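A short worksheet on the structure shown next.
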Amino acid sequence: MAKNVRAKGWLAASGVALLVAALAVPAFAGAAGAAPTVSTATAPTASGSWAYGGQGWSNGTISNGTATVSWTASFGWDVVFTATDLPNNGTQLEEQRTVGISLDVTYTSTKATIQYTYHADEVDTAFANVTNDSTVLVNGSAVPALGLENASVSVQGAIAEALTAQVGPLSASAFVNVSAAAQASIQFSPSLGLIPLNLTGVSSWDSSSTATPAASWNISYEWADHGLNGTSGSGSGSHTGNWTAVSTISLTGYKADLPMPSFRDHKSRVAIVLAVQGGADLYDGFILVPHAFDLFGGAAHDYDAVSYGGGAAISAGEVLYLTPGAVSANSLTAAQSTFGAATPSTSIGATTVGGLGPATAATSPSAPVSVVGQPESTQAAQSQSSCLTASSACVGAAAGAPAGFAGLLLIAAAVVVVVGTVGVIEWRSYARRRARKELVGGYGESWPHGVPPAAEAGPASSAPAAPQSGPSMPDEPARPL
2 MAKNVRAKGW LAASGVALLV AALAVPAFAG AAGAAPTVST ATAPTASGSW
52 AYGGQGWSNG TISNGTATVS WTASFGWDVV FTATDLPNNG TQLEEQRTVG
102 ISLDVTYTST KATIQYTYHA DEVDTAFANV TNDSTVLVNG SAVPALGLEN
152 ASVSVQGAIA EALTAQVGPL SASAFVNVSA AAQASIQFSP SLGLIPLNLT
202 GVSSWDSSST ATPAASWNIS YEWADHGLNG TSGSGSGSHT GNWTAVSTIS
252 LTGYKADLPM PSFRDHKSRV AIVLAVQGGA DLYDGFILVP HAFDLFGGAA
302 HDYDAVSYGG GAAISAGEVL YLTPGAVSAN SLTAAQSTFG AATPSTSIGA
352 TTVGGLGPAT AATSPSAPVS VVGQPESTQA AQSQSSCLTA SSACVGAAAG
402 APAGFAGLLL IAAAVVVVVG TVGVIEWRSY ARRRARKELV GGYGESWPHG
452 VPPAAEAGPA SSAPAAPQSG PSMPDEPARP L
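Under this note's numbering, think of the first position of the sequence shown as 2, with each following residue one higher.
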């Protein structure tokens with residue numbers, strides 16, 4: 002792995018983290034099929050397919066004087082289920098799951114133009130053997146439950162970020178590309194209880210099981226940047242991992258007393274939440290992704306130090322909607338996912354670049370973004386999957402976009418574009434020169450064309466206030482240019 006000396010801290014682009022991340026995270030091409038761990042002694046009978054999916058989006062523009070910030074963003078995910086009956090009260094479930102996020106933010110003024118783009122998507126192919134002969138504990142007593150005997154998953158994903166900036170006669174650019182792939186299978190002994198077969202009078206339940214995993218993965222990335230002062234840097238890295246240690250997986254379930262969304266099919270449903278502790282993250286009822294690999298599960302990754310996103314996450318509090326009545330493998334017909342920043346990004350100190358404003362720590366918007374996955378046809382879900390993995394937003398702004406989505410984008414635009422991104426590149430360029438002992442005088446000394454012209458500040462009402470204290474290290478670029 003070749004890597005230039007870099008500053009560890011990134012400017013707090015936590016607005017993007019929340020959207021991307023939070024909002025959730027790679028250009029995943031089609032995933033290889035995960036081999037189902039099922040017996041073929043008896044030919045199963047196919048029992049049907051169904052799907053759900055949802056999207057949130059926003060387009061907008063805000064201006065302040067001669068400065069304008071415009072954005073286009075889209076987030077969505079969908080799942081296609083195929084159920085196959087097996088002997089002895091068993092069902093094999095196949096899940097095809099796609100997540101996609103696109104963000105395009107542009108800042109323009111009379112003296113500067115900056116554009117930031119982000120695309121992330123993930124494609125999962127998963128198999129799960131579920132049984133009606135499992136149990137969970139309700140108030141300390143074992144009750145019949147739907148349970149997970151074994152599961153397997155194949156995951157492929159990617160993240161692509163790019164920035165271009167023109168400040169007067171000077172230009173800057175940067176990109177980060179991440180690709181990841183994982184294969185995992187998990188055997189449970191006994192089966193891991195998921196949901197009581199009868200939810201009447203039940204408010205919460207729990208279960209645990211011994212998991213025997215066989216999982217491996219690879220995550221690789223590359224980056225490059227070119228600063229306004231003419232210096233450039235690039236690097237790459239990769240990481241392989243595995244999860245093979247026998248461990249305990251614990252699950253806690255709740256019947257959620259929440260306002261029910263308005264479903265397109267006008268059917269009533271029961272809301273539940275499943276929380277898993279152990280070596281895996283649970284998505285859409287039956288998909289188990291190794292936590293140490295999970296791009297959007299909040300785990301630390303090697304590429305975090307070079308990513309603008311600051312950490313993307315899908316909330317563990319996913320709400321699952323079941324059809325009323327006895328619980329079975331095909332009861333899950335809708336869901337609601339919430340996306341937010343895994344952790345706030347760290348500050349790289351206070352530095353002003355080209356009059357664009359201080360590169361300071363920003364606070365992530367507190368309101369997460371939630372999207373309801375509505376029941377839909379498998380054909381609609383497959384069409385939406387193709388859109389989610391494309392490099393542009395799926396849809397334009399329209400009535401019904403998730404509450405708070407536009408506000409998040411507004412903050413992201415102001416923080417990331419107006420305040421942060423160019424400052425990040427300059428800080429990295431500065432850190433490289435300092436490490437090579439190339440700095441003798443002030444920070445602007447080596448700029449090929451002198452100090453860049455100042456650009457108008459962005460929409461001040463959307464950006465966080467700058468801290469009054471300067472950087473802690475001596476000789477850092479603390480003064481305005």
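Even glycine gets a Cβ: it sits at the ideal position worked out from N, Cα and C. Fair warning: this is a prediction, and the values are worked out from it, not measured in the lab.
Which whole-angstrom value describes the C-beta separation of residue i and residue j, a residue pair presumed to lie in contact below a C-beta threshold of 8 Å?
i	j	result
Gly57	Val372	5 Å
Thr118	Ala163	5 Å
Ala74	Ile115	Contact flag wrong, Cβ pair sits at about 16 Å.
Ser153	Phe128	5 Å
Val144	Pro197	5 Å
Thr324	Arg270	6 Å
Asn133	Asn90	4 Å
Asp122	Val100	6 Å
Thr67	Thr111	5 Å
Quick one: what's got a C-beta closer than 6 Å to residue i's C-beta in the same chain, skipping five residues either side?
i	result
Thr109	Thr69
Ser308	Val177
Glu223	Asn178, Ser237
Gln385	Gly54, Asp79
Asp282	Val290, His292, Asp295, Gly298
Gly194	Ser135, Thr136, Val137, Ala146, Gly148, Ser208
Ser180	Ala159, Ser221
Ser235	Ala225
Ala382	Ala52, Gly54, Asp79, Val81
Trp218	Ala183, Gly242, Phe294
Pro262	Val373
Asp105	Thr73, Thr118
Val239	A small fix is needed here, since residue 239 is Ser in this sequence, not Val. Ser221.
I'd like the list of long-range same chain contacts for residue i, defined as Cβ closer than 7 Å, with 5 residues on each side in sequence excluded.
i	result
Ala257	Ala272, Ile273, Val274, Val320
Ser332	Leu323, Thr324
Leu200	Lys256, Val271, Val328
Quick one: using the 10 Å Cβ neighbour count with 16 as the cut-off for buried, is residue i buried or exposed?
i	result
Leu94	buried
Asn151	buried
Asn140	exposed
Ser155	buried
Ala212	buried
Leu259	exposed
His302	buried
Arg98	buried
Gly228	buried
Ser59	buried
Gly486	Residue 486 lies beyond the stretch modelled for the chain, which goes from 2 to 482, so this question has no answer here.
Quick one: residues in its chain with C-beta nearer than 8 Å to the C-beta of residue i, no 5 flanking neighbours on either side, listed in chain order?
i	result
Thr245	Pro214, Ala215, Ala216
Gly49	Thr83, Ala84, Asn331
What does the alpha-carbon distance come out to for the pair residue i and residue j?
i	j	result
Gln375	Ser221	34 Å
Gly148	Ala330	9 Å
Ile250	Ser186	14 Å
Gln278	Asn65	47 Å
Gly299	Ile160	15 Å
Cys388	Ser142	46 Å
His120	Tyr322	29 Å
Gly286	Gly61	35 Å
Val247	Pro191	13 Å
Ala182	Phe189	23 Å
Ala336	Gly77	12 Å
Glu377	Asp226	43 Å
Asn242	Thr83	According to the sequence displayed, residue 242 carries Gly and not Asn. Taking the straight line joining both Cα atoms gives about 30 Å.
Ser172	Thr107	15 Å
Leu252	Ser174	46 Å
Trp206	Tyr255	7 Å
Pro170	Asn230	11 Å
Ala52	Tyr284	15 Å
Val203	Thr92	24 Å
Thr334	Arg265	12 Å
Ser71	Pro88	56 Å
Glu96	Lys268	23 Å
Ile288	Ala276	13 Å
>> Please give the ranges of any alpha helix (DSSP H) in the stretch 53-77, keeping only runs that are unbroken, at least 4 residues long and fully inside the region.
In response: none
> Enumerated in chain order, which unbroken segments of the beta strand (DSSP E) with a length of 3 residues or greater are wholly contained in the stretch 132-206?
Replying inline: 142-168, 171-197
>> Extract the residue ranges of the beta strand (DSSP E) inside the stretch 233-261, only unbroken runs of 3 or more that lie entirely within it.
In response: Fully enclosed beta strand (DSSP E) runs of no fewer than 3 residues occupy 233-244, 248-256 of the stretch 233-261, in order along the chain.
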